[in-house]
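A.B. asks: The structure that follows is given in the form of structure tokens.
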């Protein structure tokens, strides 16, 4: 298979998911649905080196010079929950964009098991993600009336880890909020660094929101990250909700914890506002 054919195939098959990812069924009755009244919403294409990246965009229907928020997906891709989060941001006056960052490796929205999803996600290089997010910011400025000087980022689970890493990659980011993203791990060609490795040198203020009962992210790793952040100058913070499990913000899943999710969302807004996003 030639590189050119691979590129044509990527362009032709790159589409945005509709509805919820198959692996997250059944959907909770507590799922939040944000309407699109007063907004411009829908799928867009982000030009990247090897084709076009599908993304979901939400922004106010009127105005310009909007602050930009990159919304980084969970392991399940840019499905309805992530799209709804974008609409929530747009209601607050942001242009919010969630690029589909796994699309070259596979369409995770059509897979019925997390065990099928993990091998695909494991192939996604951090460097590729950083480049795709740079391209997304460029698109937001060029095509969505975004202001790159008021740039924020937030992500969930897999996207929480990427929030820390992108804040280190692009010091022009004004603020980040990382929801229960993994902090430590082995260095590999695909994942050469982890948040713990960049904590001391981080310049961008990142707020971490973590659950004390997250079985996938040991509390001792959160404490290690807190200690490492104190040696730097980013003024980053980590809040731990003692009784919250992993994915406590995911209102479509049984892990959802309404009190912690609402408080976390309020903290996010205050953090962004304080940092000028």
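In mature numbering (1 follows the signal peptide of the UniProt record, and there is no 0), the protein residues as written are -23 to -1, 1 to 254. Ideal Cβ placement from N, Cα and C applies to all residues, glycine included. Quick caveat, the model's predicted, so the values are computed rather than measured.
1. Indicate whether residue 258 and residue 130 have their beta-carbon atoms separated by less than 9 angstroms.
2. Which runs of the alpha helix (DSSP H) fall wholly inside the region 140 to 184 and span at least 4 residues, in chain order?
3. Taking 8 angstroms as the threshold, find out whether the region 111 to 121 comes into contact with the region 25 to 39 through three or more Cβ pairs.
4. Give me, in chain order, the residues of the same chain whose beta-carbon lies closer than 6 angstroms to that of residue 58; leave out the 5 immediate sequence neighbours on both sides.
5. Below 9 angstroms between beta carbons: does that hold for residue 184 and residue 215?
6. Tell me whether the region 73 to 87 and the region 150 to 169 touch, counting them as touching only if at least three CB pairs, one residue from each stretch, are closer than 8 angstroms.
7. Looking at the structure shown, is residue -21 part of a helix, part of a strand, or coil, going by DSSP?
8. If you drop the 5 nearest sequence neighbours on each side, which residues of the same chain put their C-beta closer than 7 angstroms to that of residue -22?
9. Please report the Cβ distance between residue 157 and residue 186, rounded to the nearest whole angstrom; I am assuming they are in contact, meaning their Cβ atoms lie under 8 angstroms.
10. Taking the continuous alpha helix (DSSP H) assigned at residue 259, which residues delimit it?
11. Can you give me the Cβ contacts of residue 87 inside the same chain, cut-off strictly under 7 angstroms, excluding the 5 residues immediately before and after it?
12. What does the Cβ neighbour count give for residue 140, buried or exposed, with the cut at 16 atoms within 10 Å?
13. Helix or strand or just coil, what does DSSP make of residue 115?
14. Going by DSSP, which residues form a beta bridge with residue 60?
C.D. replies: Looking at the atomic coordinates:
1. The requested residue 258 does not occur in the structure, where the chain is confined to residues -23 to 254.
2. 172 to 175
3. yes
4. 229
5. yes
6. no
7. Confidence is the limiting factor: at residue -21 the pLDDT is only 47, short of 50, which leaves the residue's position unreliable, though a coordinate-based value still follows. Helix.
8. Its pLDDT being 42, under 50, residue -22 is placed unreliably by the model, and the measurement read from it follows with that caveat. Excluding sequence neighbours, residue -22 sits near nothing in its chain.
9. 7 angstroms
10. Any property of residue 259 remains undetermined from this structure, which presents the chain solely from -23 to 254.
11. -2
12. buried
13. helix
14. According to DSSP, which records beta bridges pairwise, residue 60 is partnered with nothing at all.
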